[in-house]
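Participant: To start, I am sharing the structure in question, which I have written as structure tokens.
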Amino acid sequence: MNRTWEIRHNSGMNQVDYLRISLIDRCNFRCQYCMPEGTEIDYVLRQNFLTQEELLTLLRGVFIPLGFTRFRLTGGEPLIRPGVVEIVRAIASFPETRDLSMTTNGFLLKLLAQDLYNAGLRRINISLDSLNPEVFEQIVGSRGRTRWQQVWDGIQEAYRVGFNPLKLNVVVIPGVNDQEVLDLAALSIEREWHVRFIEFMPIGNDHLFNDRGWVSSEELRQRIRMRWGLTEGQVQGNGPADVFQIPGARGTVGFISQMSECFCDRCNRMRLSADGWLRPCLLNETGQINLKTGLRSGISLINLRQQVRTLLAIKPEINFKLRESGAITGTYSRTMSQIGG
Ligand code: SAM
Ligand code: SF4
């Protein structure tokens, strides 16, 4: 066994207590970088989704006993999952839940923000790749419909009902929205909004990736630094963002740099897909198990817990190997929406 890995593994540096739960693999948007129009996606059949009851059984009977206390609901688009508010309410009510959050495209937030808040959700990340409605429609593949205003209204509504922190996710694509980086960063000045720039990854649309390439976080920081200066921020999330602040701003700007700076060895999360696959890593399926199949075939929760424990035991080695190989260079056949990004 590699000695360095052994030391890190045994030091228990990364307590894996964070589960990203994909509620659905479908989406009402067709973002160019994720599942562009025309992509053939092998959608999960409805009968193969983990039902609400199955999901809650797995959380109560498998994940919480193993020390998971932080949960993020994602997708696809989590807000199109029927019963999403009830799922939020149930997870928020577990005494062990320390943190519950959601990543959404925001399209249905105007309608649902208050209900989600009342159900116990407090933290939300909303994707907003452009402030220019035309560019936005192009990015999300609106097919002639105008969606920017509804997303913007959804963000305002989430802010109004009290979501805190409220984070805005921006995937930066050269020649598409990178000219808006300063305008987007400026959103953090007046309001307590946290704008996070995500390096474009070759997952979902490798044509676009090969065509446009990606912009590094460091380059974006330089641009922001030159305009306003940047100081280290105070806000720490669960995730891998490096957080900074424009001097005097109420919010922060964060950078998720998985292309330029592999942070696999800091990974503290597992991912559960809408059809019950538990994977140790976004980019690696080694050892993945299907908990829904296990549950439906009558395998006991004790046994399923043991299977997850085994997967947890190999996760540090998977992450360490990825870190060593700087692996985020190839192309990947599954989109973020299928994995639960
Ligand atoms: N539909 C929701 C949304 O868009 O926020 C949640 C699911 S989406 C898959 C989760 C996150 O993955 C979003 O912030 C999205 O921007 C990001 N994402 C999707 N494809 C990506 C890619 N190729 N590179 C980097 N980030 C990506
Ligand atoms: Fe849908 Fe989110 Fe993917 Fe866009 S990034 S297509 S909103 S899942």
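Whatever position you read off the sequence shown (first residue = 1), add 33 for the numbering used here.
In this text, a Cβ means the ideal position worked out from N, Cα and C, and glycines have one as well.
(1) Should Pro-115 be labelled buried (16 or more other beta-carbon atoms within 10 Å of its own) or exposed?
(2) Near Gly-237, which residues of its chain fall below 7 angstroms by C-beta distance, leaving aside the five closest residues on each side in sequence?
(3) Alpha carbons only, please: which of Met-234, Trp-261, Gln-147, Glu-190 is nearest the one belonging to Ala-218?
(4) Among residues of its own chain, excluding the 5 on either side of Tyr-192, which ones have a beta-carbon nearer than 6 angstroms to its beta-carbon?
(5) So, with DSSP's three-state summary, where would you put Glu-251?
(6) Near Met-34, which residues of its chain fall below 7 angstroms by C-beta distance, leaving aside the five closest residues on each side in sequence?
(7) Is there at least one non-hydrogen atom of the ligand SF4 closer than 8 angstroms to the beta-carbon of Leu-62?
(8) Which word fits Ser-55, buried or exposed, when buried means at least 16 other C-beta atoms lie within 10 angstroms of its C-beta?
(9) With DSSP collapsed to three states, give me the class of Ser-293.
(10) Grouping DSSP H, G and I as helix and E and B as strand, with all else coil, what is Thr-136?
(11) Per DSSP, which one or two residues make a beta bridge with Phe-104?
(12) Alpha carbon to alpha carbon, what distance is there between Arg-63 and His-42?
(13) Under 6 angstroms, CB to any heavy atom of the ligand SAM. Which residues pass, going along the chain?
(14) Taking the alpha helix (DSSP H) that Asp-148 falls in, what are its first and last residues?
(15) Quick one: what's got a C-beta closer than 7 angstroms to Ala-125's C-beta in the same chain, skipping five residues either side?
Facilitator: A quick look at the data gives this:
(1) By one-based count along the sequence shown, residue 115 stands at place 82. Exposed.
(2) Residue numbering aside, residue 237 sits at position 204 when the sequence shown is read from its first letter. Excluding positions up to five away in sequence, the list reads Tyr-66, Cys-67, Met-68, Thr-368, Met-369.
(3) Here the question's residue 218 lines up with position 185 in the sequence shown. Of the listed residues, the one whose Cα sits closest to Ala-218 is Trp-261.
(4) Here residue 192 refers to the residue found at position 159 when the sequence shown is read from its first residue. For Tyr-192, where only same-chain residues beyond five positions count, the Cβ hits under 6 angstroms are Leu-199.
(5) Stepping through the sequence shown from its first residue, residue 251 is reached at position 218. DSSP places Glu-251 in helix when its eight states are reduced to three.
(6) Residue 34 sits at position 1 when you count from the first residue of the sequence shown. Residue placement at Met-34 is flagged as unreliable, the pLDDT there being 34, under the threshold of 50; the coordinate-derived value follows with that caveat. Counting only Cβ-Cβ distances below 7 angstroms, and skipping sequence neighbours, we find nothing.
(7) Here the question's residue 62 lines up with position 29 in the sequence shown. Sequence inspection shows Phe at residue 62; the Leu mentioned does not correspond to that position. Phe-62: yes, Cβ under 8 angstroms from the ligand SF4.
(8) The residue you call residue 55 lines up with position 22 of the sequence shown. So Ser-55 ends up on the buried side.
(9) The count along the sequence shown starts at 1 and reaches residue 293 at position 260. Ser-293 falls in the coil class under three-state DSSP.
(10) For the purposes of this step, residue 136 is taken as the residue at position 103 of the sequence shown. Here Thr-136 sits in strand by DSSP.
(11) As a position in the sequence shown, residue 104 is number 71, starting the count at 1. For Phe-104, which the question treats as bridged, DSSP gives the partners Leu-52, Leu-133.
(12) In the sequence shown, the residue the question calls residue 42 occupies position 9. In the sequence shown, the residue the question calls residue 63 occupies position 30. Residue confidence is low: His-42 scores 39 on pLDDT, short of 50, so the model does not pin down where it sits. Its coordinate-derived value is still stated next. Distance between the alpha carbons of His-42 and Arg-63 is about 39 angstroms.
(13) Cys-60, Tyr-66, Cys-67, Thr-107, Gly-108, Glu-110, Thr-136, Thr-137, Asn-138, Ser-160, Asn-202, Val-204, Ile-231, Phe-233, Met-234, Ile-236, Gly-237, Met-369, Ser-370, Gly-374
(14) Mapped onto the sequence shown, residue 148 falls at position 115. Taken as a continuous stretch (DSSP letters only), the alpha helix (DSSP H) holding Asp-148 covers 142 to 151.
(15) Locating residue 125 in the sequence shown gives position 92, where the first residue counts as 1. Excluding positions up to five away in sequence, the list reads Leu-133, Ala-152, Gly-153, Leu-154.
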